[in-house]
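> Just passing along the structure, written as structure tokens.
Protein chains: 2
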Amino acid sequence: MLDDRKKKVLQAIVEEYINTAEPVSSNALTTNHGLDCSSATIRNEMAELEKNGYLDKTHTSSGRVPSEKGYRYYVDELLNDKDISLEEIKYISSKLETKVNEIEDLTKITANTISEVTHYTAVSIGPKTANQIIEDIKFVLLGSRMMMAVILTDTGLVKETIIKFDEDVTQKQIETMNYMFNNKLKGQPIETIDRPLEDYLYDEMTYSVNVIKPVIEQLKKVIKEDENIYLEGANKSFDLPEFNSLEVAKNFVNILDTKEVVADMLNSGFAEDINVYIGDENKQDELKDFSVVTFKHKVNGKDLGTIGIIGPKRMDYSKVISVMKYINKKLKEL
Amino acid sequence: MLDDRKKKVLQAIVEEYINTAEPVSSNALTTNHGLDCSSATIRNEMAELEKNGYLDKTHTSSGRVPSEKGYRYYVDELLNDKDISLEEIKYISSKLETKVNEIEDLTKITANTISEVTHYTAVSIGPKTANQIIEDIKFVLLGSRMMMAVILTDTGLVKETIIKFDEDVTQKQIETMNYMFNNKLKGQPIETIDRPLEDYLYDEMTYSVNVIKPVIEQLKKVIKEDENIYLEGANKSFDLPEFNSLEVAKNFVNILDTKEVVADMLNSGFAEDINVYIGDENKQDELKDFSVVTFKHKVNGKDLGTIGIIGPKRMDYSKVISVMKYINKKLKEL
DNA sequence: TTTTAGCACTCTTTACTATTGTTTGCTAAC
DNA sequence: GTTAGCAAACAATAGTAAAGAGTGCTAAAA
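Put into structure tokens, the structure is as follows:
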């Protein structure tokens, strides 16, 4: 357990480092941090904090830099909600209040807003459909060999997909299928569109398997591939001093370019709403040198998409988390 | 007009520079370029090519680098179609033959393929819908205050959008609207969904304007916002030596982050199929230090999307163009 | 016992210099 | 018209010295 002054020193170092990106010297803390003691005393505290693993040094005679343990302690114990300015509040409100027809657009707008306000890069992923409840399925014939399937879920999510057939299909056939699918699926979670449905339909349907098969295949495909990743403000990261290192910049672009990593990163949160991963805490090797804060957008416990902020370990956690909390509150009001 | 040997020298310099990214010395050209003369002779030729603006020097005693005029001459006059390897042909074929249900997916796959084969960053944009002919419009009621509109065009493009109402809507109303819209729009280009339609519908429809208005508004919005940009292989560019310059890297990320620039870039081609923009030839200031090759995917003169390769001015134009030509042929076969 | 001033020591950063190597342009010979 | 040879220009590299920032330790002060 850290005593009061050590906490203050740690907090001061973390915040100073977040602001300046330069190793923090004992001298720098004697002013403007409410620490009423000399640099020598602070040096002693720093030495001990380092011994306990909260701080790192880049070389023997350099200032201190927070270690991952230091950041973690800061996030868990020392974080105070940052005030959001009036302009920011106005900006956020106006953005979130734009009328959207599709939930995924709302997630994108939210990602966009968070990125704009925090000045970090944001990514988002669409809702996980699997456990949403099917409210309605509609099949629409387009021409004679193409159909669109539209699934409406309890959270208002609309998922549509196109299905092509190898033979002509009649309006009658579409209607029968529509009836049967609805009959079987209405009120069921989307993931039901897997095994059991298939057997049932093959048994019941009297006409060509050529018609039902592509429908089932495509629907199965669609419910699995909910990896609709959206990226916002990649360039913002490039203004940060850590991106002067080509290696960092390259790794970053590589991460954003690898959808699997981004999807993994967004889907791997335990907490209900906000998750913070600092450096090595990330499950993805590629992210070991970055920090990630994710925010799950939910309504009635149902996933409506997840937004993630990715930046240097020296991230302004306080700002990011405050903004997310505020946005969460705003979204709940809608 | 350049004499034969000058052409050879220019071509050799361009190709050598494309390969090595290092200024090309007179010595480097004496071997392996079919130039049967000494370095001194080549130096004379180089001096003259420079005087005529085809070559640049980075400093008094450096090798030569092609100028933009040099690249342009190379692209226009000296380009020879590069062979595509058997593996590449196989790869391209297998990628393009994957069954897709939506045209935009095909464009994405094509962009992806070009990026993989050329090792450059690719972007793509969906089809311009405006001049496509409406074949069918279907309205589907989802719940009581939401509707999906599906537009099918003559090129097989399916465009769908969700429309929300402020009051309950009946199936009957949907059907009436569907009939009227089809009546007015079938066989017309999509852009018809603007002024004239509106007047007609307001006149004819007997029931609430609250129902028709959102439909028209949303449809108008959809046909205008066909800026569905897709990015592939951003990280590939970062392996190129020019991206060791932080400024270049940053500019590049900025470009890819600015959808308007990318959209502009993809939409600004005069030629029927393949357009090449070298450095300053780009209409967008941000692209002055890059080269862009775009490829329009068309069927029966109708736009199905455009794919662009963006890379350094020292781009392997020959490879890129050859691959695009081959893919174009392949696409036509489908 | 805790805090602080003072100072030696460590290490980075910057500027400067010398050296090496590459490539050109020019001249004169072929 | 072509080429060999050579001086000059310049980049790149390595090495050195000086300056600056910051720590850790010691001993004195509180």
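Those sequence lines, one after another, are chains A and B.
Just so you know, the first sequence maps onto residues -17 to 316 in this note's numbering.
Just so you know, the second sequence maps onto residues -17 to 316 in this note's numbering.
Glycine included, C-beta positions come from ideal geometry on N, C-alpha and C.
1) Let me know the secondary structure DSSP gives M159 (chain A) once reduced to three states.
2) On the DSSP bridge list, what partners appear for S171 (chain B)?
3) How about A216 (chain A) and L238 (chain B): do their beta carbons lie closer than 9 Å?
4) List, in chain order, every chain A residue whose beta-carbon is nearer than 8 Å to that of I144 (chain B).
5) If you follow the beta strand (DSSP E) that A245 (chain A) is in, where does it begin and where does it stop?
6) Tell me, to the nearest whole angstrom, how far the beta carbon of T287 (chain B) is from that of P171 (chain B); I am working on the premise that it is less than 8 Å.
7) In the DSSP assignment, find the beta strand (DSSP E) that holds Y259 (chain B) and state where it starts and stops.
8) Kindly confirm or deny that the segment 142 to 157 of chain B and the segment 116 to 130 of chain B touch, where touching means at least three C-beta pairs closer than 8 Å.
9) Who are the near neighbours of L17 (chain A) in its chain, counting only those whose CB is closer than 8 Å to its CB and skipping five residues on each side?
10) With DSSP as the reference, please indicate the residues paired to L123 (chain A) in a beta bridge.
11) Examine chain A for any beta-carbon lying closer than 9 Å to the beta-carbon of G125 (chain B), and answer yes or no.
12) Hey, which unbroken runs of the alpha helix (DSSP H) at 4 residues or more fall wholly within the segment 47 to 93 of chain A?
13) Consult DSSP for V105 (chain A) and reduce its assignment to one of helix, strand or coil.
14) Flag this pair as touching only if the segment 45 to 57 of chain B and the segment 74 to 91 of chain B have three or more C-beta atom pairs under 8 Å; answer yes or no.
15) Using a Cβ cut-off of 9 Å (strictly closer), state whether G287 (chain A) contacts chain B.
16) Going along chain A, which residues have a C-beta under 7 Å from F220 (chain B)?
17) Check whether the Cβ atoms of K278 (chain A) and E254 (chain A) sit closer than 9 Å, and answer yes or no.
18) Touching or not, the segment 198 to 213 of chain A and the segment 99 to 116 of chain A, by the rule of three or more beta carbon pairs under 8 Å?
19) Let me see if you follow: with CB-CB separation under 9 Å, is A3 (chain A) close to chain B or not?
20) Assuming D(-14) (chain B) is part of the alpha helix (DSSP H), what are its boundary residues?
21) Is the separation between the beta-carbon of N83 (chain B) and that of Q200 (chain A) shorter than 9 Å?
22) How would you label L316 (chain A), buried or exposed, when you count the other beta carbons within 10 angstroms and need 16 or more for buried?
23) To which residues of the same chain is L248 (chain A) closer than 7 Å at the C-beta, ignoring the five residues directly before and after it?
24) Would you kindly report the start and end of the unbroken alpha helix (DSSP H) that includes T23 (chain A)?
25) T100 (chain A) and K301 (chain A) look like a contact to me (Cβ under 8 Å); what is the Cβ gap, rounded to whole Å?
26) Here's the rule I'm using: 16 or more other beta-carbon atoms within 10 Å means buried, otherwise exposed. How should K120 (chain B) be labelled?
27) Kindly indicate which residue of A:G293, A:I205 and A:T13 has the alpha-carbon position closest to the one of N233 (chain A).
28) Nearest to K146 (chain B) by CA position, among A:L139, A:V235 and A:V274, is which residue?
29) If you count every other CB in all the chains shown that lies within 10 Å of the CB of M306 (chain A), and 16 or more means buried, which is it?
30) Mind checking which residues open and close the alpha helix (DSSP H) that includes E315 (chain B)?
31) What does the alpha-carbon distance come out to for the pair N14 (chain B) and Q266 (chain B)?
32) Name the chain B residues whose beta carbon is nearer than 8 Å to that of Q200 (chain A)?
33) Under a three-way DSSP split, which group does P196 (chain B) fall into?
34) Determine, for N210 (chain A), whether the minimum Cβ-Cβ distance to residues of chain B falls below 9 Å.
35) Could one say the Cβ of D118 (chain A) lies closer than 9 Å to chain B's Cβ atoms, at least one of them?
36) Among A:K280, A:I303 and A:K295, whose alpha-carbon lies nearest the alpha-carbon of L88 (chain A)?
Let me lay it out:
1) What you label residue 159 (chain A) is simply residue 177 of the first sequence in a count that begins at 1. Correct three-state label for M159 (chain A): helix.
2) For the purposes of this step, residue 171 (chain B) is taken as residue 189 along the second sequence, with counting starting at 1. Sequence check: residue 171 (chain B) is Pro here, not Ser. Beta-bridge pairing links P171 (chain B) to B:I115.
3) Walking along the first sequence from the start, residue 216 (chain A) turns up at place 234. Walking along the second sequence from the start, residue 238 (chain B) turns up at place 256. The answer is yes: Cβ separation under 9 Å.
4) Residue mapping note: residue 144 (chain B) aligns to position 162 of the second sequence, counting from 1. Below the 8 Å Cβ cutoff, chain A contributes N83, E84 and V140 as neighbours of I144 (chain B), in chain order.
5) One-based indexing of the first sequence puts residue 245 (chain A) at position 263. That residue, A245 (chain A), is in no beta strand (DSSP E); its alpha helix (DSSP H) goes K241 to N249.
6) Against the second sequence, residue 287 (chain B) aligns to sequence position 305. Against the second sequence, residue 171 (chain B) aligns to sequence position 189. A small fix is needed here, since residue 287 (chain B) is Gly in this sequence, not Thr. Actually they do not touch by this definition, with Cβ atoms about 18 Å apart.
7) Here residue 259 (chain B) refers to the residue found at position 277 when the second sequence is read from its first residue. In the DSSP assignment, Y259 (chain B) falls within the unbroken beta strand (DSSP E) covering I256 to I260.
8) Proximity of the segment 142 to 157 of chain B to the segment 116 to 130 of chain B meets the contact definition, three or more beta-carbon pairs being nearer than 8 Å.
9) Residue numbering aside, residue 17 (chain A) sits at position 35 when the first sequence is read from its first letter. R(-13), K(-10), V(-9), A(-6), L11 and I24.
10) Your numbering for residue 123 (chain A) matches position 141 in the first sequence. In the DSSP output, where bridge partners are listed per residue, L123 (chain A) has A:M129.
11) The sequence position of residue 125 (chain B) within the second sequence is 143, counting from 1. At least one beta carbon of chain A lies nearer than 9 Å to the beta carbon of G125 (chain B).
12) Entirely contained in the segment 47 to 93 of chain A, the alpha helix (DSSP H) runs reaching 4 residues are, in chain order, 50 to 55 and 68 to 78.
13) Numbered from 1 along the first sequence, position 123 holds the residue referred to as residue 105 (chain A). Note: V105 (chain A) maps to strand in three-state DSSP.
14) A contact between stretches requires three or more CB pairs, one per stretch, nearer than 8 Å, and the segment 45 to 57 of chain B fails this requirement with the segment 74 to 91 of chain B.
15) Indexing the first sequence from 1 puts residue 287 (chain A) at position 305. Not an interface residue.
16) The residue you call residue 220 (chain B) lines up with position 238 of the second sequence. Around F220 (chain B), the beta-carbon contacts reaching into chain A at under 7 Å are K232 and V235.
17) As a first step, residue 278 (chain A) is located in the first sequence; it is residue number 296 there, counting from the start. As a first step, residue 254 (chain A) is located in the first sequence; it is residue number 272 there, counting from the start. Yes, the Cβ-Cβ distance between K278 (chain A) and E254 (chain A) is below 9 Å.
18) Touching, yes, given that three or more Cβ pairs across the two stretches are closer than 8 Å.
19) Residue numbering aside, residue 3 (chain A) sits at position 21 when the first sequence is read from its first letter. With respect to chain B, the C-beta atom of A3 (chain A) has no partner C-beta closer than 9 Å.
20) By 1-based counting over the second sequence, the position of residue -14 (chain B) is 4. Bounds of the alpha helix (DSSP H) holding D(-14) (chain B) are D(-14) to T2.
21) As a working note, residue 83 (chain B) is residue 101 in the second sequence. As a working note, residue 200 (chain A) is residue 218 in the first sequence. Their beta carbons are under 9 Å apart, which means N83 (chain B) touches Q200 (chain A) by this criterion.
22) Position 334 of the first sequence, counted from the start, is the residue given in the question as residue 316 (chain A). When all chains shown are included, L316 (chain A) counts as exposed.
23) Indexing the first sequence from 1 puts residue 248 (chain A) at position 266. Taken in chain order, the residues that qualify are V105, I107, T276, T288 and G290.
24) By 1-based counting over the first sequence, the position of residue 23 (chain A) is 41. Run containing T23 (chain A): S21 to K33, per the alpha helix (DSSP H) assignment.
25) Here residue 100 (chain A) corresponds to residue number 118 of the first sequence, with the count starting at 1. Here residue 301 (chain A) corresponds to residue number 319 of the first sequence, with the count starting at 1. With a Cβ gap of about 6 Å, T100 (chain A) and K301 (chain A) count as contacting.
26) Along the second sequence, read from residue 1 onward, the residue named residue 120 (chain B) stands at position 138. Looking at its Cβ environment, which holds 16 or more other Cβ atoms inside 10 Å, K120 (chain B) is buried.
27) Against the first sequence, residue 233 (chain A) aligns to sequence position 251. Among A:G293, A:I205 and A:T13, the Cα nearest to that of N233 (chain A) is on A:G293.
28) Position 164 of the second sequence holds residue 146 (chain B). Among A:L139, A:V235 and A:V274, the Cα nearest to that of K146 (chain B) is on A:L139.
29) As a working note, residue 306 (chain A) is residue 324 in the first sequence. M306 (chain A) counts as buried, since no fewer than 16 other beta carbons sit within 10 angstroms of its beta carbon.
30) Here residue 315 (chain B) refers to the residue found at position 333 when the second sequence is read from its first residue. Per DSSP, the continuous alpha helix (DSSP H) segment holding E315 (chain B) begins and ends at Y299 to E315.
31) Sequence index remark: in the second sequence, residue 14 (chain B) carries index 32 (1-based). Sequence index remark: in the second sequence, residue 266 (chain B) carries index 284 (1-based). Cα to Cα, N14 (chain B) sits roughly 38 Å from Q266 (chain B).
32) Sequence index remark: in the first sequence, residue 200 (chain A) carries index 218 (1-based). Per Cβ cutoff of 8 Å: N83.
33) Position 214 of the second sequence, counted from the start, is the residue given in the question as residue 196 (chain B). Helix at P196 (chain B).
34) Residue numbering aside, residue 210 (chain A) sits at position 228 when the first sequence is read from its first letter. So, not an interface residue.
35) One-based indexing of the first sequence puts residue 118 (chain A) at position 136. Judged by the 9 Å Cβ criterion, D118 (chain A) is in contact with chain B.
36) As a position in the first sequence, residue 88 (chain A) is number 106, starting the count at 1. Of the candidates A:K280, A:I303 and A:K295, the residue whose Cα lies closest to the Cα of L88 (chain A) is A:K280.
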